[in-house]
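Residue numbers (the working numbering), protein chains in the order written: chain A, 8 to 220; chain B, 275 to 368; chain C, 60 to 591; chain D, 153 to 463. Cβ atoms here follow ideal geometry from the backbone N, Cα and C, with glycine treated the same way.
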Amino acid sequence: MNSNNQNMETAIHTHSDMHRDDTASKLGMWLFIFTEILLFGGLFIVYSVYRYMNPVAFHLAHEELSITMGLINTIILLISSATVAMSITAIQKGDKRLSLYMVGATILLALVFLINKYFEWGSKFEHGMYPGSDLMDMLSNGDMLFFSLYFFMTGLHGVHIIVGMVLLAVSWFKIKKDAVRSDKYALLENSGLYWHLVDLIWIFLFPLFYLIH
Amino acid sequence: MSKENNHISSYKDHLLVLALLITLTVITVAITSIELNAFNTAAAMLIASCKAAIVLLYFMHLRFDQKIFLIMAFLVIALLVVVIGITFIDYLYR
Amino acid sequence: MENNHLPNYLEYRGKRTGLLGWLTTTDHKRIGLLYFYSMMTFFLTGAVLGILMRLELIAPGRQLVDAQTYNAFFTLHGLAMIFLFVIPGVGAVFGNFMLPIMLGAKDVAFPKVNLLSWYLYVLGAIIVLTSQFMGDGPPDTGWTFYAPYSLKTQTNVVAAVFGAFVLGFSSILTGLNFITTMHRMRAPGMGWKRMPMFAWTLYATGWIQLLATPIVGITLLMLAAERLLGIGFFDPAIGGDPILFQHLFWTYSHPAVYIMILPAMGVISEIIPTFSRKPLFGYTALIVSSMAIAFVGYFVWGHHMFTSGMSEGARWVFSFLSFIVAIPSAIKVFNWTATLYKGAINLQTPFWWAMAFIFVFMIGGFSGLVVGSLATDIHVHDTYFVVAHFHYIVFGGTGFAFFAAMHYWWPKIYGRMYNTKIANIGLLIFFTGFNMLYFPMFILGLMGMPRRYYDYLPQFQDGNVISTIGSWIMISGLIIIITNLIRAKKQTGKIVDNPWNGPTLEWSIQSPPTLENFEELPVVTHGPYEFK
Amino acid sequence: MYSGASNLVTTTDNAFFLIIGISVIFFVGILATIIWFIIRYNKSKHPVAEQIHGSNTLEIAWTIIPLILVLVMFFYGWSGYSPVRNAPKDAMRIEATARMWSWSFEYPNGIKTDTLYIPVDKPVVLDLISVDVIHSLYIPAFRIKEDMVPGRTNRMWFIGQKPGNYELFCAEYCGLSHSYMFTEVKVLEQDKYDAWLAQRSDTAATAAATADPAVAGRRLIESNGCLACHSSDGTKLVGPSFKGIYDHKQAVVTNGQTREITVNDEYIIRSIYEPDADVVEGFRKGQMVTYKNQLSEDDIKLIIEYLKTIK
Ligand code: HEA
Ligand code: HEA
Ligand code: CUA
Ligand SMILES: [Cu+2]
């Protein structure tokens with residue numbers, strides 16, 4: 008009985024390796040991305056409804072945000088999207104070094120994005136604008152909604168940036184250890200997909216909060 | 275991957291796409307900085323959608339992958355749009 | 060071991076044994092059972108609360124508890140029943156156990172994620188349950204958490220909301236896992252048009268789980284942020300719109316009712332062919348109707364808000380779509396009935412459960428039409444009529460299908476047969492009690508008794524008394540049913556591989572299945588319901 | 153059913169009977185078919201099943217027929233509901249205010265009551281206002297219900313067609329005493345209604361002008377729903393009892409600090425305008441909502457006079 012089981016153990020292991028299904032994990036990642044799209048979709052609904060109900064306040068409030076900051080961050084994220092895409096091309100071509108550089112660059116850009124965000128939020132905080140502050144309590148209704156949404160949506164986006172960075176960091180180490188390589192790069196590919204999602208969301212957040220009026 | 279997906283995008287393609295995206299970004303900033311009222315929002319959202327489509331098709335590889343991913347992504351986004359639309363049936367006609 | 064069986068998944072010993080072996084398992088069958096045991100615990104918690112509420116309502120005035128406690132009771136009852144029982148429900152227990160086997164696979168696509176879902180489920184459940192004891196007392200908002208009451212009440216809403224959020228995550232991961240499994244793990248020859256109906260309904264369910272759950276997730280997160288950080292979203296005092304909360308809540312929670320019912324319909328679609336010895340009538344139509352329910356069901360949420368002050372146009376659209384979504388359900392009922400035609404009907408316990416399901420599901424569904432219609436819903440909205448509607452269709456639909464599935468697959472899961480005579484008697488008592496418990500609520504609702512009422516006017520007492528007595532009859536039935544099943548699990552004896560002569564793949568292997576399900580990969584050459 | 157209590161009863165009940173009627177026909181029909189099949193095609197009588205896979209004709213038939221039927225149902229539901237939305241122009245307006253957990257109705261001439269009085273056969277529009285959470289005004293006999301959402305004004309209208317008293321419930325869960333948020337609609341003949349109105353305006357006016365301020369205060373407390381939360385006999389409800397409250401020493405929590413105060417005029421005004429500023433120990437913040445827009449300082453003076461009388 009015991010030896011029987013032992014055999015089964017090994018049998019599973021060889022089996023599961025033989026049956027590695029990269030398409031399945033990619034499908035899984037896509038499905039997860041769909042979920043994320045709907046998650047932010049819910050917020051977009053809230054945003055558009057409140058914008059519709061308070062057009063003037065939203066217009067005035069958006070002028071408090073710095074377009075330059077937003078633009079810089081947008082470009083940073085776009086570049087990071089390109090670097091992560093190139094890291095995949097690199098690994099597909101077997102160029103481990105370049106791939107490592109590209110993933111590294113992506114993580115670095117992500118960090119710059121966060122630092123930027125930190126200063127952006129920081130300057131708001133300095134002016135006494137943060138969730139729950141007295142200033143925020145005194146805002147008019149529309150402004151309150153605008154800034155609540157601003158903090159909530161960019162905050163949630165920031166959390167996604169951090170998750171993406173963790174995924175990319177894991178991929179980096181796996182590439183380094185050759186656990187991710189030219190014939191087995193699903194992990195990197197999926198982290199890349201996730202990273203593009205983060206970019207995708209920002210592509211909408213940027214005009215919604217910084218641009219349109 | 276392996277058998278099912280062996281399209282490898284070139285570095286050059288990625289850089290081209292990046293350039294396109296940055297151009298579009300600059301264009302939105304430019305357009306929205308002039309007063310166009312309602313058109314403003316529409317233009318910004320239109321350009322954002324183009325950018326999103328480019329990211330989905332090229333960076334996220336939907337153009338080269340199995341069609342099923344493209345179909346799914348399209349349906350999901352369509353669903354979200356319909357949900358927003360239906361919600362607005364309430365708000366627009368109150 | 061009897062009958063030269065190979066060690067089955069219950070006997071199998073891996074690296075870890077005992078409890079730890081269960082808690083670290085990635086075997087879909089064991090995870091299914093983990094869900095089963097934890098879910099039964101929560102179901103019984105919710106059920107006992109239901110019984111207590113019925114006792115309180117046996118007469119006007121205070122019977123057992125005060126108003127605050129009663130309000131906490133129906134909140135926890137709703138939360139436990141909806142989020143901990145029927146939403147994971149049939150899918151997480153029987154889907155996990157049977158889906159890979161029905162597809163001819165060894166496991167789901169992501170076994171570790173599957174285990175993670177279970178842990179998230181338990182974590183979410185624990186958070187919801189501890190919310191009862193922490194902070195300023197058990198939440199008293201109802202399971203719908205309507206703002207602004209949920210923002211105002213001093214009770215521990217944040218924890219409950221956060222628990223529901225975690226549960227949502229678990230549900231999403233299950234859906235993701237099942238969809239991937241169906242796309243990638245079907246055995247050779249098992250085309251989409253050869254998948255059993257149960258798998259198809261799980262496929263439709265998976266998409267709802269993926270695409271609807273995040274919306275409630277984010278909504279609840281916003282609610283929690285509003286309570287914790289004081290940033291405004293829904294409080295009208297700062298310009299928020301409470302109706303928007305309702306929109307977002309129901310954008311999930313209506314599709315969620317189809318998360319509950321679709322797998323249940325799948326179970327019924329498995330049982331009826333097996334016991335009629337006939338292929339499922341209109342297999343393709345049933346697939347289409349499942350997908351249609353999932354799809355159209357996404358757009359009808361506003362029918363919970365007919366009296367909220369929504370715009371006219373929205374009421375029109377939502378009422379219209381609510382009627383449209385009834386059609387696919389109608390198609391299902393007709394096809395089930397037609398499957399019986401010229402069959403060789405074998406009257407076994409699971410079959411009786413399926414028939415009981417159709418009976419109560421029809422009543423629930425028809426009352427759904429009454430509440431879907433504008434004029435009538437204005438009258439019965441938020442009355443006991445709605446309470447009757449959803450108990451008939453949630454408990455009567457999903458709950459009955461859950462019990463039907465237990466009776467159908469029990470021999471497969473444990474390799475033991477229960478006493479069918481006792482099971483039938485239990486069902487009869489249960490069925491009688493069920494109708495006595497919930498039918499009077501329709502009348503009460505038409506008379507105008509609002510729901511979530513701790514106390515009521517004397518003219519409503521008769522109905523309430525009948526209903527409470529019904530609840531006792533139902534308990535008796537349920538106790539008989541459950542003890543009968545537990546006794547079967549313990550009793551030793553001959554193991555039956557395929558007691559019902561079921562046609563689908565899970566019946567082609569031994570009971571209980573081995574760890575790997577199939578000794579060799581099955582090759583499928585025909586549709587799911589071919590007899591001989 | 154068909155009591156004719158309001159103009160909405162007939163159309164609503166028609167929709168009920170149509171939907172329930174069609175449903176019962178289907179229910180009985182399907183059930184009978186199932187039973188017939190179970191008996192006729194039982195394994196003992198019909199041991200070999202015929203392997204039928206389906207029939208497109210049938211599928212189409214049982215898609216189209218129910219589709220038509222539900223469209224009919226939808227139409228009846230819709231047309232029964234349409235009048236609910238279109239109030240006649242000349243309707244009488246009453247402002248209905250809900251708060252946890254009481255009702256107040258303000259008539260065109262400024263009178264306030266906690267029971268709804270309406271004249272028979274006259275269209276009445278209710279402006280639905282809530283000051284705290286969502287409530288829902290529900291008159292079962294009239295087949296009408298609409299939520300009262302804070303921050304916006306919903307409307308409902310109806311014609312009471314039969315004199316009598318009807319129940320009025322709060323149908324949207326609104327916290328602790330939701331089930332006690334109950335009052336009545338009194339539908340009066342026109343002449344009785346006029347008489348009532350005249351008498352009410354009279355007493356209100358005289359009470360304010362001449363009578364004992366404590367009586368006026370008591371009336372204010374009744375009509376503003378204070379008694380939903382405060383008893384006058386010492387019973388502890390949601391809020392502290394009014395009995396013996398004046399001049400009483402009380403521990404209150406202000407900004408998280410407990411301190412001792414004496415209940416005086418200033419404190420009572422503060423308690424009514426900013427209830428959350430000082431929270432009486434042992435009670436919960438956020439339950440009582442400000443009465444800033446409902447009660448003037450003069451009103452509160454009268455209330456205080458009344459509070460002084462209950463020792
Ligand atoms: C399993 C869960 C489930 C299912 C499947 C359904 C199914 C349906 N529900 Fe139900 N519903 C709930 C769970 C469910 N519901 C819950 C939990 C609530 C309350 C939430 C709360 O407020 O707490 C609720 C509340 C609810 C409301 C809001 C009531 C109110 O608050 O005022 C409405 C309104 O339209 C509604 C409608 C419907 C309709 C039209 C269907 C249809 O899908 C039904 C379709 C089925 C049939 C029609 C029967 C079968 C058909 C035939 C036998 C053929 C003949 C048919 C025809 C001729 C048409 N439901
Ligand atoms: C799957 C869903 C489900 C199920 C199964 C049930 C089951 C029951 N519900 Fe349910 N109920 C809901 C979902 C469900 N409910 C929801 C969503 C709400 C709305 C909440 C809200 O308003 O927010 C609700 C509200 C609700 C109300 C309305 C409260 C109100 O509005 O004031 C009532 C009142 O009678 C009630 C009663 C019951 C009863 C008596 C049972 C019973 O049928 C329970 C069956 C169980 C048993 C019969 C016990 C079995 C026990 C054993 C076998 C062990 C033996 C142990 C002992 C006897 C101690 N429920
Ligand atoms: Cu007011 Cu319920
Ligand atoms: Cu619904």
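- A Cβ of chain D is located within less than 9 Å of the beta carbon of T200 (chain C).
- Listed along chain C, the residues sitting closer than 8 Å to F41 (chain A) by beta-carbon distance are L269, L270.
- The DSSP-derived three-state label of Q402 (chain D) is strand.
- Bridge partners of M244 (chain D) according to DSSP: D:V276.
- Screening all residues for a C-beta within a distance smaller than 6 Å of any heavy atom in ligand 3 leaves D:A250, D:W253, D:H287, D:C322, D:E324, D:Y325, D:C326, D:H330, D:M333, in chain order.
- At least 9 Å separates the beta-carbon of P273 (chain C) from that of I330 (chain C).
- Taken from the Cβ of F132 (chain C), every heavy atom of ligand 1 lies 8 Å or farther away.
- Between Y325 (chain D) and T200 (chain C), the C-beta spacing is below 9 Å.
- Going down the chain, each residue whose beta-carbon is closer than 6 Å to a heavy atom of ligand 4 shows up: C:H313, C:V316, C:H362, C:H363.
- When the beta-carbon positions are compared, T315 (chain B) and T81 (chain A) stay at least 9 Å from each other.
- In the same chain as Q99 (chain A), and ignoring 5 residues on each side of it, the C-beta atoms closer than 8 Å to its own belong to S189, Y192, in chain order.
- Taking 9 Å as the cut-off between beta carbons, the residues of the stretch 91 to 102 of chain A near chain B are V91, A92, M93, I95, T96, A97, Q99, K100, in sequence order.
- For A397 (chain C), the closest C-alpha among the options D:P240, D:S158, D:S207 is that of D:S207.
- Inclusion of A389 (chain C) in the 8 Å shell around ligand 1 follows from its C-beta lying nearer than that to a non-hydrogen atom of the ligand.
- Going by C-alpha positions, S393 (chain D) is about 34 Å away from D300 (chain C).
- Beta-bridge pairing by DSSP links W214 (chain D) to no other residue.
- Y317 (chain C) is a Cβ neighbour of A263 (chain C), given a cutoff of 9 Å.
- Residue state for A157 (chain D) is assigned as coil, using DSSP reduced to three classes.
- Residues of the stretch 124 to 138 of chain A with a C-beta atom less than 7 Å from some C-beta of chain C are P138, listed in chain order.
- A Cβ of chain A is located within less than 9 Å of the beta carbon of R243 (chain C).
- Three or more beta-carbon pairs separated by less than 8 Å link the stretch 476 to 495 of chain C to the stretch 521 to 539 of chain C, which places the two stretches in contact.
- Using a C-beta cut-off of 8 Å, the stretch 309 to 317 of chain D makes no contact with the stretch 233 to 243 of chain C, since fewer than three inter-stretch Cβ pairs fall below that distance.
- Shortest gap from the CB of P499 (chain C) to any heavy atom of ligand 1: 8 Å or more.
- Burial is judged here by how many other beta carbons sit within 10 angstroms of a residue's own beta carbon; F338 (chain B) has fewer than 16 and is exposed.
- Contact between V404 (chain D) and V431 (chain D) holds: CB atoms are separated by about 6 Å, below the 8 Å threshold.
- Under the three-state reduction of DSSP output, P332 (chain C) falls in the helix class.
- Interface flag for R352 (chain D) against chain C is unset, since no Cβ pair is found closer than 9 Å.
- Ranking C:A151, C:I404, C:E285, C:G137 by CA distance to the CA of F449 (chain C) puts C:G137 first.
- By the neighbour-count definition (other C-beta atoms within 10 Å, threshold 16), A327 (chain B) is an exposed residue.
- Within a 10 Å sphere around the beta-carbon of G356 (chain C) sit 16 or more other beta-carbons, which makes this residue buried.
- Residues of chain B whose Cβ lies closer than 8 Å to the Cβ of T81 (chain A) are, in chain order, T299.
- Less than 9 Å separates the beta-carbon of Y269 (chain D) from that of L340 (chain D).
- Taking 9 Å as the threshold, the shortest C-beta distance from V376 (chain C) to chain B falls below it.
- Contact annotation: I311 (chain D) and N159 (chain D) have beta-carbon atoms nearer than 9 Å.
- Judged by their CB atoms, L328 (chain D) and Q127 (chain C) are nearer to each other than the 9 Å cut-off.
- Runs of the alpha helix (DSSP H) lying entirely within the stretch 304 to 385 of chain D and spanning at least 4 residues, in chain order: 342 to 361, 365 to 375.
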